[in-house]
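Reading through the structure tokens given below for one structure.
Residue numbers (my numbering): 4 to 786.
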């Protein structure tokens, strides 16, 4: 509750503002939005005006910024770097103009109007045309020497251009971080698990206060000049607009949005035009600045405490506001990405009522330590989705608990899993999750998957939105009548006239063709079917390998994930993705529905005999990734206990007896204490024994083809066959066909109009074959 006693309220406001000044100017970590700061300052100014006895020169209403933080050498400003008074309404702008006209006795004076950048104010000192020192504004009287860091900002000239510049020239302006670079920087930091910047202003200020200039040099900073300080040994133009033109001639970037306008009508028209363009600008602005244009008029108007009387900042609606976080919900995207969304008490930000904001990912929530019930800072810049930029910890309610990512998808109930080393969590119900339905159908029907010709994006959207297709299996239940009814409904919805044939009946050929294409897709291969399922990380080559090594869908869909690692080129991440997919009941139900819908896999075969060489208990133990169980320790366990079931029952001391070091035995016992881990060991052991029983006895090593262990890349167009056909014939000879060239590539087959892959192969010294050599090789080896 606000204190009604003026003396206590003034003291309270001063303490809040001084704390905010330190956080903003010294620490580059503002705790409250600018709009809240402005409200506190205006309340303080009003109380001091109403109660003059409470006014004080030490009040923050009479000060500029905050004292330097002490990390850098102090720089005393010969001409103070003052702040500006603020206007928030047209009436306040009119009062500003009226005061000038009354003081100077002029009507409709000329003003220089420019955007108010949201960055860090700095001064640049040039002597004999060379940059010698740069400083922050600090408290207006004393700033920080950040010369070394400013030298890394490419937009700041190190030597002046042109002619006629003074012997000593101090240029003032704003260092800022462009929006696109700010967003790109934060995106990189989120991926790396680092601390994101709250806003572009923090990005600029924090970059300039790095003790290592090399770090500053890596930040995408820019600069605009907007005025001057000390000038010796020369003269400047007698108008502000003239000075800006001189600065531009001398090599300084000056905003091309600066204009000269007349009177209050001209100022307000400029404010509205910049406001309309604001969202499309490359940099953040929080208002516009009006300056009396002629220098003589500026001198006559003079200054009041902390600001000039001849200039004012006209602020835009705040892009940051404070509100309460009421809930955190999970939103599942079309590809399964689980994004935390903040549900907020309604607040107006940048002229729009905001009730939802993104929290990006679980790592960002942890970094911010945002909790339900917190007072949070919400930022909205242009058309960018509002985001929670910070937490006001002083206002945290008692008992607020840290947030945890839920374990199940709120849409379909499937497990939400996190990819190793990634910030993204995903719903693993790829086939069964309604949130992923359209993307699942689109991928399922694609040419290299089930190849349902004619089922384009428009039909997928309509079939899904109108309820005809709830899952991929529903495609095989569609009838001609369903498609024609859908077309009538979409025509009615869109207000279009149905296409007709000469008989006057609605054309049905498209629907008949689509039904035939769906029917043709029922006959497929195992690798196409596996690829069509849309399993995370399972592309065409992985699907092909799974089909070649395991042979049957009935086997693959029930394998524990460690056994997938027995397939060449499948590592832990892909194996886990396969395991998570097949562990979801909804995905299994969708596969059952596809088979019930008539999908038939025509190339099923027994598991590859070569698997026998790769299947044994010790290898399984290594593939389970048990802490401290190396290949040597796995061999000891397999020799001592003989089966996964026996290992699962043993106590820690028996592992030591079997020869394991104490730390390995302790790690294994701890791993087995987790019921899910013990169950995985048992299931994997049973699957291993069942799979071994299906494999033939004896030497199962296949005859190696002439291209065994060779990696081949195809590029350009071939005349005698398609690239797909060439790839299949090369794989029959043992080759692995890859889509990218690297140092590990054995050779590249380059057809007509080969492009970047050929160039990269030549750059890396990779052998290149033409089509004639390929054909001769294939003929020689009977492929």
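We put the beta carbon where it would ideally sit given N, CA and C, even for glycine.
Check whether the region 449-459 touches the region 412-421, counting contact only when three or more Cβ pairs, one atom from each stretch, lie closer than 8 Å. no
Of the residues 519, 255, 101, 79, the one placed nearest residue 797, counting alpha carbons only: Lying before the first or after the last residue shown, residue 797 is absent from the chain, which here runs from 4 to 786.
Return yes when the Cβ of residue 226 is within less than 8 Å of the Cβ of residue 206, no when it is not. For this step, residue 206 is matched to residue 203 along the chain shown. For this step, residue 226 is matched to residue 223 along the chain shown. Against a cut-off of 8 Å, the Cβ pair of residue 226 and residue 206 comes out as no contact.
Assign residue 202 to one of three DSSP states: helix, strand, or coil. Here residue 202 refers to the residue found at position 199 of the chain shown. It is coil, neither helix nor strand.
Buried or exposed for residue 133, going by 16 or more other Cβ atoms inside 10 Å? The residue you call residue 133 lines up with position 130 of the chain shown. Exposed, by the Cβ-count rule.
With residue 176 as the anchor, note down where its beta strand (DSSP E) starts and where it stops. On the chain shown, position 173 is the one that residue 176 refers to. Element bounds for residue 176: 171-179.
Who are the near neighbours of residue 38 in its chain, counting only those whose CB is closer than 7 Å to its CB and skipping five residues on each side? On the chain shown, residue 38 is found 35 positions in, with the first residue counted as 1. The beta carbon of residue 38 sits closer than 7 Å to those of 321, 323, 324, all from its chain and outside the five residues before and after it, given in chain order.
Put residue 99 into one of helix, strand or coil per three-state DSSP. As a position in the chain shown, residue 99 is number 96, starting the count at 1. If DSSP states are grouped into helix, strand and coil, residue 99 belongs with the helices.
Of the residues 74, 192, 748, 258, the one placed nearest residue 115, counting alpha carbons only: For the purposes of this step, residue 115 is taken as residue 112 along the chain shown, with counting starting at 1. Looking at the Cα atoms, 258 is the closest of the given residues.
Return helix, strand or coil for residue 162, following the three-state DSSP convention. To locate residue 162, count along the chain shown from 1; it is residue 159. Correct three-state label for residue 162: strand.
Residue 760 - DSSP class collapsed to helix/strand/coil: Taking the first residue of the chain shown as position 1, residue 760 is located at position 757. Note: residue 760 maps to helix in three-state DSSP.
Beta-carbon of residue 588 versus every beta-carbon of chain B: anything under 8 Å? No chain B appears in this structure, which consists of one protein chain only.
Own chain, CB closer than 7 Å to residue 703, minus 5 neighbours either side, in chain order: Locating residue 703 in the chain shown gives position 700, counting from the first residue. At residue 703 the pLDDT is 47, less than 50, meaning the model places this residue with poor confidence; the figure from the coordinates comes in the next sentence. In chain order, 612, 613, 615, 616 place their CB closer than 7 Å to the CB of residue 703, counting only its own chain and leaving out the 5 sequence neighbours on each side.
Where do the N-terminal and C-terminal ends of the beta strand (DSSP E) with residue 89 fall, by residue? One-based indexing of the chain shown puts residue 89 at position 86. Start and end: 88-90.
Pick helix, strand or coil for residue 503, following the three-state DSSP scheme. In the chain shown, residue 503 corresponds to position 500, counting from 1. The predicted model places residue 503 with a pLDDT of 47, which falls under 50 and marks its position as unreliable; any figure quoted below should be read in that light. It is a strand residue.
Buried or exposed for residue 214, going by 16 or more other Cβ atoms inside 10 Å? Position 211 of the chain shown, counted from the start, is the residue given in the question as residue 214. Counting Cβ neighbours within 10 Å, residue 214 comes out exposed, since fewer than 16 surround it.
Run the CB neighbour count on residue 648, radius 10 Å, all protein chains shown included, and call it buried at 16 or more, exposed below. In the chain shown, the residue the question calls residue 648 occupies position 645. It counts as exposed.
In the structure shown, what three-state DSSP assignment does residue 766 receive? Sequence index remark: in the chain shown, residue 766 carries index 763 (1-based). Residue 766: helix per DSSP, three-state reduction.
Flag this pair as yes or no: are the beta carbons of residue 18 and residue 35 separated by less than 8 Å? What you label residue 18 is simply residue 15 of the chain shown in a count that begins at 1. What you label residue 35 is simply residue 32 of the chain shown in a count that begins at 1. No, the Cβ-Cβ distance between residue 18 and residue 35 is not below 8 Å.
Three-state secondary structure assigned by DSSP to residue 367: Sequence index remark: in the chain shown, residue 367 carries index 364 (1-based). DSSP places residue 367 in helix when its eight states are reduced to three.
Which of the three DSSP states is assigned to residue 118 in this structure? Position 115 of the chain shown holds residue 118. Here DSSP, grouped into helix, strand and coil, assigns residue 118 to strand.
Local conformation of residue 229 per DSSP, three classes: Within the chain shown, numbered from 1, the residue matching residue 229 stands at position 226. Of the three classes helix, strand and coil, the one that applies to residue 229 here is strand, per DSSP.
Residue 359: buried (16+ other C-beta within 10 angstroms of its C-beta) or exposed? The residue given as residue 359 occupies position 356 in the chain shown. Classification of residue 359: exposed, given that the 10 Å Cβ count is below 16.
Would you identify the three-state DSSP class for residue 741, choosing helix, strand or coil? If you number the chain shown from 1, residue 741 lands on position 738. Residue 741: strand per DSSP, three-state reduction.
Given 8 Å, three or more beta-carbon pairs between the region 111-130 and the region 170-179: These segments touch.
Just to check my reading of the structure: residue 236 and residue 135 have Cβ atoms closer than 8 Å, yes? What is that Cβ distance to the nearest angstrom? Sequence index remark: in the chain shown, residue 236 carries index 233 (1-based). Sequence index remark: in the chain shown, residue 135 carries index 132 (1-based). About 14 Å; that fails the 8 Å criterion.
CA nearest to the CA of residue 759, picked from 631, 299, 744, 315: For the purposes of this step, residue 759 is identified with residue 756 of the chain shown, where counting begins at 1. Nearest C-alpha to residue 759: 744.
Taking residue 416 as the reference, which of 369, 396, 618, 334 has the closest Cα? Position 413 of the chain shown holds residue 416. Measuring C-alpha to C-alpha distances from residue 416 to each of 369, 396, 618, 334 identifies 334 as the nearest.
Please list, in chain order, all residues of the same chain as residue 770 whose beta carbon is under 6 Å from its beta carbon, the five residues on each side excluded. Counting from one through the chain shown, the residue named residue 770 turns up at place 767. 750.
Thinking just about the alpha-carbon of each residue, which of 143, 187, 246 is nearest to the one in residue 169? In the chain shown, counting from the first residue as 1, residue 169 sits at position 166. Nearest C-alpha to residue 169: 246.
At least 3 beta-carbon pairs within less than 8 Å: the region 678-697 vs the region 638-648: yes
Through-space distance from residue 757 to residue 506, alpha-carbon basis: Residue mapping note: residue 506 aligns to position 503 of the chain shown, counting from 1. Residue mapping note: residue 757 aligns to position 754 of the chain shown, counting from 1. Model confidence at residue 506 stands at a pLDDT of 42, short of 50, so the residue's coordinates are unreliable and nothing is read from them.
Considering only C-alpha positions, which residue in the set 250, 586, 161, 111 is nearest to residue 269? In the chain shown, counting from the first residue as 1, residue 269 sits at position 266. The shortest Cα separation from residue 269 among 250, 586, 161, 111 belongs to 111.
With DSSP as the reference, identify every bridge partner of residue 359, one or two as the case may be. Taking the chain shown and counting its residues from 1, one reaches residue 359 at position 356. DSSP output for residue 359 lists 346 as bridge partner(s).
How about residue 393 and residue 371: are their beta carbons less than 8 Å apart? One-based indexing of the chain shown puts residue 393 at position 390. One-based indexing of the chain shown puts residue 371 at position 368. Between residue 393 and residue 371, the C-beta gap is smaller than 8 Å, which places the two residues in contact.
Mind checking whether the beta-carbon of residue 380 lies closer than 7 Å to any heavy atom of the ligand COA? Ligands displayed in this structure: none; no statement on the ligand COA is therefore possible.
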